[in-house]
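Enquirer:
In the working numbering, the protein residues as written are 13 to 108.
1. May I ask whether a heavy atom of the ligand HEM can be found less than 7 Å away from the beta carbon of residue 96?
2. The alpha helix (DSSP H) spanning residue 94 covers which residue range?
3. Quick one: what does DSSP say residue 100 is sitting in, helix, strand or coil?
4. From which residue to which residue does the alpha helix (DSSP H) around residue 60 run?
5. By the three-class DSSP mapping on this structure, what secondary structure does residue 106 have?
6. Can you tell me which of 105, 51, 65 puts its alpha carbon nearest to the alpha carbon of residue 79?
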């Protein structure tokens, strides 16, 4: 049963033309994946009691997740223009 679901998904992906996806969708997924990697690193470092590196990775995870959200609603250059300011990112997301 599970294999048929995977095959259906694979056929849908292979039949869907790449031109139907917006470029921002790829960037959104890329930023989401990076945020997930930082989140996983945060969890591992925290459980190993390495608080400093865990804090850094958690900040990076939040920043990448917030930028991914902006990329979803706007574009890449706009999201990257905020630098590393979470406060500015938060304000902009709340205004969307």
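Beta carbons are placed, not taken as given, at the ideal position from N, Cα and C, and that holds for glycine.
Expert: Let's see:
1. Among the components modelled here there is no ligand, and therefore nothing to report on the ligand HEM.
2. Looking at the DSSP string, residue 94 is not in any alpha helix (DSSP H), and its letter there is neither H nor E.
3. helix
4. From DSSP, residue 60 is part of no alpha helix (DSSP H); its letter is neither H nor E.
5. helix
6. Comparing Cα positions, the closest option is 105.
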